[in-house]
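S.K.: Numbering (our numbering), first residue to last: 22 to 202. Yeah, the Cβ is synthetic: ideal placement off N, Cα and C, and Gly gets one too. It should be emphasised that the depicted structure is a prediction, and the values quoted were computed from it without experimental measurement.
The following block contains the structure:
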């Protein structure tokens, strides 16, 4: 899908789906997964109130950040599925605990209908790395503020997934929480 000029009949259209598969393997490190499945529509010129508490942005809760595991540099990963972002508009951001995160394209337009590792445009399935060095998360944190400001563009937030490391290895229990409205 190429960039569509503003004002055309395709400007507010997108199609896509995502399948979330949770698996474990003896060769992978343990993780805790948290899914916020709140489909929310941003009409543009706003900070999307995706948790529907009446305040801009949203607070994600229900997780716990473990102590840093020796040798690990990443505190968490945050994956977002957003539909209908447009590359022709700028000003979309994901702000995690007051810091804008990069979607891997190094642009000032996070919801640009491009996903790292995908050759076709149309939806954003972006994963943001949150390092320990950033200071955005600390051991025992149980909540985070996420702001999704946009200027002109409309978009749909389909879901957020946060993944934090765990000392649990294969043979232990898997841990995941699903929040749905």
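Tell me whether the beta-carbon of residue 107 lies closer than 7 Å to the beta-carbon of residue 124.
M.R.: Not a contact, by the Cβ cut-off of 7 Å.
S.K.: Measuring CB to CB, does residue 88 end up less than 7 Å from residue 160?
M.R.: Their beta carbons are under 7 Å apart, which means residue 88 touches residue 160 by this criterion.
S.K.: Run the CB neighbour count on residue 99, radius 10 Å, all protein chains shown included, and call it buried at 16 or more, exposed below.
M.R.: Answer is buried; the Cβ neighbour count reaches 16.
S.K.: When DSSP labels each residue in this structure, what does residue 52 get in the three-state scheme?
M.R.: DSSP places residue 52 in strand when its eight states are reduced to three.
S.K.: What residues in its chain sit with their C-beta under 8 Å from that of residue 93, if we drop five residues either side in the sequence?
M.R.: For residue 93, where only same-chain residues beyond five positions count, the Cβ hits under 8 Å are 153 and 186.
S.K.: Pairs of beta-carbons, one from the stretch 171–179 and one from the stretch 52–65, closer than 8 Å: are there three or more?
M.R.: Short answer: they touch.
S.K.: Would a C-beta distance cut-off of 7 Å place residue 104 and residue 144 closer than the cut-off?
M.R.: Taking 7 Å as the Cβ cut-off, residue 104 and residue 144 qualify as a contacting pair.
S.K.: With a 10 Å radius around its C-beta and 16 neighbouring C-beta atoms as the bar for buried, classify residue 69 as buried or exposed.
M.R.: Buried, since its Cβ has 16 or more Cβ neighbours within 10 Å.
S.K.: Give me the Cα-Cα distance between residue 184 and residue 109, rounded to the nearest whole angstrom.
M.R.: Whole-angstrom Cα-Cα distance: 31 Å.
S.K.: Return the CA-CA distance between residue 174 and residue 44, expressed in angstroms with no decimal places.
M.R.: Approximately 35 Å, taken between the alpha carbons.
S.K.: Please work out which residues of its chain come closer than 8 Å, Cβ to Cβ, to residue 172, disregarding the five sequence neighbours upstream and downstream, and give them in chain order.
M.R.: Excluding positions up to five away in sequence, the list reads 65, 66, 110, 111, 112 and 113.
S.K.: Would residue 102 and residue 39 be called neighbours here (beta carbons separated by less than 7 Å)?
M.R.: Yes, these two residues count as a Cβ contact at 7 Å.
S.K.: So what does DSSP say about residue 100, is it helix, strand or coil?
M.R.: Strand.
S.K.: Report yes if the CB atom of residue 164 is closer than 7 Å to the CB atom of residue 80, and no otherwise.
M.R.: It is a contact, given that the beta carbons lie within the stated cut-off.
S.K.: If you reduce the DSSP assignment to three classes, tell me which class residue 121 lands in.
M.R.: In the structure shown, residue 121 sits in a strand (DSSP, three-state: E or B).
S.K.: Should residue 86 be labelled buried (16 or more other beta-carbon atoms within 10 Å of its own) or exposed?
M.R.: Its Cβ being crowded by 16 or more others within 10 Å, residue 86 is buried.
S.K.: I need the straight-line Cα distance from residue 90 to residue 155, nearest angstrom please.
M.R.: Rounded to the nearest angstrom, the two C-alpha atoms are 16 Å apart.
S.K.: Within this structure, are the beta carbons of residue 168 and residue 78 separated by less than 7 Å?
M.R.: The answer is yes: Cβ separation under 7 Å.
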